[in-house]
Amino acid sequence: MTGSPYIKIMVFDLGRAFRKKEEFESARLMDFEFRQRSRATRNVVQILGLSDNIAAGIVATLTEQATLERLSALSGVPLDAVRVHYAECLATARAQLIEERGDPTPQRLA
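1414 is the number of the first residue of the sequence shown in my numbering; add one for each residue after it.
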């Protein structure tokens, strides 16, 4: 008798590979967005002359809009001005993070 009675078949599950990639990319994007938001909030807090300790608690517990409203209330600076500062800080934080960690754009499967 020649050959083995057992045949091993390798199957590539494309659907599983896509789900795994989606989970990985989603986690990577959420991490990047959180870091960007945290850094931008910390910078706005500094611009407004508030304590750095405020930034951590605010980012962890409030939505982006609620964060801006809270910073406006705490600093006495009009909400529109806080929004302008935040937009500038968000753009700066994104550029810094891309330089440090790379572009968060999902990698395409080729």
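Glycine is no exception: its CB is placed at the ideal position from the N, C-alpha and C atoms.
Please confirm if the stretch 1455–1465 is in contact with the stretch 1474–1487, defined as three or more CB-CB distances below 8 Å between the two stretches. Contact annotation: the stretch 1455–1465 touches the stretch 1474–1487, with at least three C-beta pairs closer than 8 Å.
Just confirm the distance between the C-beta atoms of Arg1452 and Gln1509, as a whole number of angstroms; I'd bet it's less than 8 Å. Your pair Arg1452 and Gln1509 checks out as a contact, with CB atoms roughly 7 Å apart and the cut at 8 Å.
Between Leu1492 and Glu1501, which are expected to be in contact by the criterion C-beta below 8 Å, what is the C-beta distance as a whole number of angstroms? So it is not a contact: roughly 15 Å between Cβ atoms.
The ligand GDP and Leu1481: does any heavy atom of the ligand fall closer than 7 Å to the residue's C-beta? For the structure depicted, the ligand GDP is absent and the ligand set is empty, with no information on it obtainable.
Using CA coordinates, which residue listed in Gly1462, Ser1464, Gly1470, Arg1450 is at the minimum distance from Glu1477? The residue with the shortest Cα to Cα distance from Glu1477 is Arg1450.
CB Ala1440 to CB Thr1454, shorter than 8 Å? Against a cut-off of 8 Å, the Cβ pair of Thr1454 and Ala1440 comes out as no contact.
Nearest-angstrom Cα separation, counted from Phe1425 out to Arg1432: Whole-angstrom Cα-Cα distance: 13 Å.
Looking only at its chain, what residues have a beta carbon closer than 8 Å to the beta carbon of Asp1465, apart from the 5 residues adjacent to it on each side? Within the same chain, Asp1465 has close Cβ partners Arg1455, Val1458, Gln1459.
Under 8 Å, do Phe1437 and Arg1514 count as touching if we go by C-beta distance? Against a cut-off of 8 Å, the Cβ pair of Arg1514 and Phe1437 comes out as no contact.
Restricting to runs no shorter than 4 residues, where is the alpha helix (DSSP H) found entirely within the stretch 1446–1500? Runs of the alpha helix (DSSP H) inside the stretch 1446–1500: 1465–1474, 1477–1488.
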